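As you go down the protein sequences, you meet chains G and E in turn.
Counting from 18, one number per residue, gives the positions in the first sequence under this note's numbering.
Counting from 7, one number per residue, gives the positions in the second sequence under this note's numbering.
The beta carbon of each residue, even a glycine, is placed where N, CA and C say it ideally should be.
Note that this is a predicted model, so its numbers are computed, not measured.
Presented below is the structure to which this report refers.
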Amino acid sequence: MTRCGVWWWARARRLWVLGMALAAFAALVAATQQGVAVPLLSLLSAVSVPVQLLLFAPVPVVAALGWCLDNRLPEAEAIAVRSVRLTDTALAAATGVVAVAVAAVLAAAADSAAAVAAGRDTCFLVGLMLCLRPVLGQGAVMTGPAWLAVVVFFGFAPDSALYRWTIVGHPATSVPSLAVTTLTLAAGLAVLARSTRRSL
Amino acid sequence: MTLELSDCTYRYGRRRPPVLNGLTYRLPDGLTVLLGANGAGKSTLLRLAASVTRPESGNVSLDGLRAGTAAYRRTVAWMPQSITAMHGLTAREQVAYCGWLKGMSSRTAWGKAAQALDAVGLSDRAGTKTTELSGGQLRRLGVAGALVHDARVLLLDEPTAGMDPRQRRVFRDLLNQVTRSGVRVLMSTHDVADLAEEADHVTVLVQGGIAHSGPTRAFLARAPADTPPGRAAEAAYSALVEAASGDMSL
Chain G
18 MTRCGVWWWA
28 RARRLWVLGM
38 ALAAFAALVA
48 ATQQGVAVPL
58 LSLLSAVSVP
68 VQLLLFAPVP
78 VVAALGWCLD
88 NRLPEAEAIA
98 VRSVRLTDTA
108 LAAATGVVAV
118 AVAAVLAAAA
128 DSAAAVAAGR
138 DTCFLVGLML
148 CLRPVLGQGA
158 VMTGPAWLAV
168 VVFFGFAPDS
178 ALYRWTIVGH
188 PATSVPSLAV
198 TTLTLAAGLA
208 VLARSTRRSL
Chain E
7 MTLELSDCTY
17 RYGRRRPPVL
27 NGLTYRLPDG
37 LTVLLGANGA
47 GKSTLLRLAA
57 SVTRPESGNV
67 SLDGLRAGTA
77 AYRRTVAWMP
87 QSITAMHGLT
97 AREQVAYCGW
107 LKGMSSRTAW
117 GKAAQALDAV
127 GLSDRAGTKT
137 TELSGGQLRR
147 LGVAGALVHD
157 ARVLLLDEPT
167 AGMDPRQRRV
177 FRDLLNQVTR
187 SGVRVLMSTH
197 DVADLAEEAD
207 HVTVLVQGGI
217 AHSGPTRAFL
227 ARAPADTPPG
237 RAAEAAYSAL
247 VEAASGDMSL
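Structure representation (structure tokens):
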């Protein structure tokens, strides 16, 4: 199977890494959706707060997507007639859809809505990473862990509840989180679709 | 097939001086060698001509086609200084991918990739992962990637860097073959002595402006009369750069 352009694109992006990351996401969600928490120190409240491990499930997906998008043939893609930017945008959108779908299936299987929130959080962090790629370049793959670190250290109120600005970690029914996630993902996809000629 | 840059200015950053300043240039027939010191603007000129980037002011066009349009990009091929080896792809796959990106069907790109690799003497490495190629082989892979879609204008940024003398000979033969088929080639190089005498035209850039552009014979005539045999190109280049630098410093 060496005579298909999209296949070459997929090989160039090394999409198998993204596939493995999605599998890791599924495994993490399945293992932690019932409420596995670890105590971590919140800097604002200066007390230890129970942080759900489910919060970290999106990290491999976001990092892998950023890494895959950086595996490019910049000199050829910069002056391409076919727009691989659109293919990349479709990949990012599909990643969000698959993460939500996987989370929804696992949530249905376990009869717990917590997993759905992990899917939504993945979409938010994907959108954030895509928005920051033009500024941070390859460093954008660290967007997920960096945002989660900020949430862990500064996102908990004294009563151990998450502030609304954290977006991630809120229940799946949180309308503000869903709205911001939708906007962030849409903005990220738009940035990716319009980004041009980087790294040359 | 006329590639023209009209009054083009380009700078890397608003506060930096322009690399190209009001440059107007028309690419002649055949093989043109682009000479100039580091930072003279050779790569920038090639990038503008390849439509990788846009000039701050001025226009780039090819027979009326504006740079950046699909028709323009189908006609122009570019090989940059640094060639990326895609992990996981073989040499043939990477060249075919370049052809597919240029709008060729996958089947056509696959067939043309084999021909392009053969033309640059890499057919025996077609199935080799690109990450396993040597520096010289990678440059030839870049040339193959530029040749794969039958462009009418070929822009090569120091293509012979890292090639050994035999590979350079093969490459020069390839260029002769390409230019005989009607393709216009603009190639930057530091290899003044080796290549300038074989080119149809020579263009010399000094500090973002054109110090000389004309037939090779006119370029070589700039060499001082007492130049030893075989050193005419180097002497002519030095004389031109010194004259142009002197003019600019006045």
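_Buried or exposed, going by whether 16 or more other CB atoms sit within 10 Å of the CB of Arg105 of chain G?_
Taking the first sequence and counting its residues from 1, one reaches residue 105 of chain G at position 88. Reading off the sequence, residue 105 of chain G comes out as Asp, not Arg. By the Cβ-count criterion, Asp105 of chain G is buried, with 16 or more other Cβ atoms from all chains shown falling within 10 Å of its own Cβ.
*Using 9 Å as the limit for Cβ to Cβ distance, is Arg223 of chain E near chain G?*
Here the question's residue 223 of chain E lines up with position 217 in the second sequence. Cβ-Cβ to chain G under 9 Å: no for Arg223 of chain E.
_Let me make sure I understand the geometry here. Which of E:Pro86, E:Gln100, E:Ala245 and E:Asp130 has the alpha-carbon closest to that of Ala167 of chain E?_
Within the second sequence, residue 167 of chain E is the residue found at index 161, counting from 1. Checked all of E:Pro86, E:Gln100, E:Ala245 and E:Asp130; the closest Cα to Ala167 of chain E is E:Pro86.
*Answer with yes or no whether the minimum CB distance from Cys14 of chain E to chain G is below 9 Å.*
Within the second sequence, the letter at position 8 stands for residue 14 of chain E. Not closer than 9 Å to any Cβ of chain G, the Cβ of Cys14 of chain E fails to qualify, so no.
*For Val101 of chain G, which residues in chain E fall below 9 Å Cβ to Cβ?*
If you number the first sequence from 1, residue 101 of chain G lands on position 84. Going along chain E in sequence order, the residues near Val101 of chain G (Cβ under 9 Å) are Leu107.
*Using DSSP bridges, identify the partner residues of Thr38 of chain E.*
Position 32 of the second sequence holds residue 38 of chain E. Per DSSP, E:Leu192 and E:His207.
_Which same chain residues end up closer than 7 Å to Ser67 of chain E when comparing Cβ atoms and leaving out the 5 residues on each side of it in sequence?_
Taking the first residue of the second sequence as 1, we reach residue 67 of chain E at position 61. Only Glu10 and Ala73 meet the Cβ criterion.
*Any beta-carbon of chain G closer than 9 Å to the one on Pro86 of chain E?*
What you label residue 86 of chain E is simply residue 80 of the second sequence in a count that begins at 1. So, interface residue.
*Who are the near neighbours of Val197 of chain G in its chain, counting only those whose CB is closer than 8 Å to its CB and skipping five residues on each side?*
For the purposes of this step, residue 197 of chain G is identified with residue 180 of the first sequence, where counting begins at 1. Closer than 8 Å at Cβ, skipping near neighbours: Phe141 and Ile184.
_Can you look up Met85 of chain E in the DSSP assignment and give me helix, strand or coil?_
Walking along the second sequence from the start, residue 85 of chain E turns up at place 79. Strand, per DSSP.
*Can you list the residues of chain G that Ala132 of chain E reaches, using a CB-CB cut of under 9 Å?*
For this step, residue 132 of chain E is matched to residue 126 along the second sequence. Per Cβ cutoff of 9 Å: no residues; Ala132 of chain E is ~11 Å from chain G at best.
_Three-state secondary structure assigned by DSSP to Lys4 of chain E_ = Look at the range of chain E in this structure, 7 to 256, and you will see that residue 4 of chain E is not part of it.
*Can you tell which of G:Leu45, G:Pro56, G:Cys85 and G:Leu70 has the C-alpha that lies nearest to the C-alpha of Ala27 of chain G?*
Residue numbering aside, residue 27 of chain G sits at position 10 when the first sequence is read from its first letter. When only C-alpha atoms are compared, the closest one is G:Cys85.
_For the segment 12 to 26 of chain E against the segment 48 to 64 of chain E, do three or more pairs of beta-carbon atoms, one drawn from each stretch, fall closer than 8 Å, so that the two count as touching?_
yes
*For Pro61 of chain E, count neighbouring Cβ atoms within 10 angstroms of its own Cβ and tell me buried if that reaches 16, exposed if not.*
Taking the second sequence and counting its residues from 1, one reaches residue 61 of chain E at position 55. Counting Cβ neighbours within 10 Å, Pro61 of chain E comes out buried, since at least 16 surround it.
*Since Ala205 of chain E and Val82 of chain E are thought to touch, with beta carbons under 8 Å apart, how far apart are those beta carbons, to the nearest angstrom?*
Reading the second sequence from its first residue, position 199 is the one you call residue 205 of chain E. Reading the second sequence from its first residue, position 76 is the one you call residue 82 of chain E. Going by Cβ atoms, the distance from Ala205 of chain E to Val82 of chain E rounds to 19 Å, so no, they are not a contact pair.
*asked:* Looking at Ala143 of chain G: is its Cβ nearer than 9 Å to the Cβ of Val133 of chain G?
replied: Mapped onto the first sequence, residue 143 of chain G falls at position 126. Mapped onto the first sequence, residue 133 of chain G falls at position 116. Note on identity: in this sequence residue 143 of chain G is Val, with Ala being the wrong assignment. Contact flag unset, no.
*Spell out whether any CB of chain E is found under 9 Å from the CB atom of Ala193 of chain G.*
Within the first sequence, numbered from 1, the residue matching residue 193 of chain G stands at position 176. Checking the displayed sequence, the identity of residue 193 of chain G turns out to be Pro instead of Ala. Answer no: the Cβ-Cβ gap between Pro193 of chain G and chain E never drops below 9 Å.
_Judging by CA-CA distance, which residue of E:Met110, E:Ala241 and E:Arg190 is the nearest neighbour of Ser198 of chain E?_
The residue labelled residue 198 of chain E in the question sits at position 192 within the second sequence. Reading off the sequence shown, one finds Val at residue 198 of chain E, where the question assumed Ser. Considering only alpha carbons, the answer is E:Ala241.
*Report the three-state DSSP secondary structure of Val154 of chain E (helix, strand or coil).*
Position 148 of the second sequence holds residue 154 of chain E. Coil at Val154 of chain E, not helix or strand.
*Listed from N- to C-terminal order along the chain, which residues in the segment 123 to 150 of chain E have their beta-carbon within a distance smaller than 9 Å of any beta-carbon of chain B?*
In the structure shown, chain B cannot be found, because the protein chains are G and E.
*List, in order along the chain, the chain E residues whose C-beta lies closer than 7 Å to that of Ile96 of chain G?*
The residue you call residue 96 of chain G lines up with position 79 of the first sequence. Ala56, Ser57, Val58, Arg79 and Trp84, listed in chain order.
*Provide the residue span of the beta strand (DSSP E) that contains Asp128 of chain G, from first to last.*
Within the first sequence, the letter at position 111 stands for residue 128 of chain G. Asp128 of chain G -> no beta strand (DSSP E), and no H or E assigned at all.
*Kindly confirm or deny that the segment 154 to 173 of chain G and the segment 67 to 81 of chain G touch, where touching means at least three C-beta pairs closer than 8 Å.*
Yes, the segment 154 to 173 of chain G touches the segment 67 to 81 of chain G.
_Looking at chain G, is there any beta carbon in it that lies within less than 9 Å of the beta carbon of Glu240 of chain E?_
Taking the first residue of the second sequence as position 1, residue 240 of chain E is located at position 234. No, Glu240 of chain E does not count as interfacial toward chain G.
_Rounded distance between the beta-carbons of Met169 of chain E and Arg145 of chain E, thought under 8 Å_ = On the second sequence, position 139 is the one that residue 145 of chain E refers to. On the second sequence, position 163 is the one that residue 169 of chain E refers to. With a Cβ gap of about 6 Å, Arg145 of chain E and Met169 of chain E count as contacting.
*Between Glu99 of chain E and chain G, is there a C-beta pair that is closer than 9 Å?*
Within the second sequence, the letter at position 93 stands for residue 99 of chain E. Output row for Glu99 of chain E: interface = yes.
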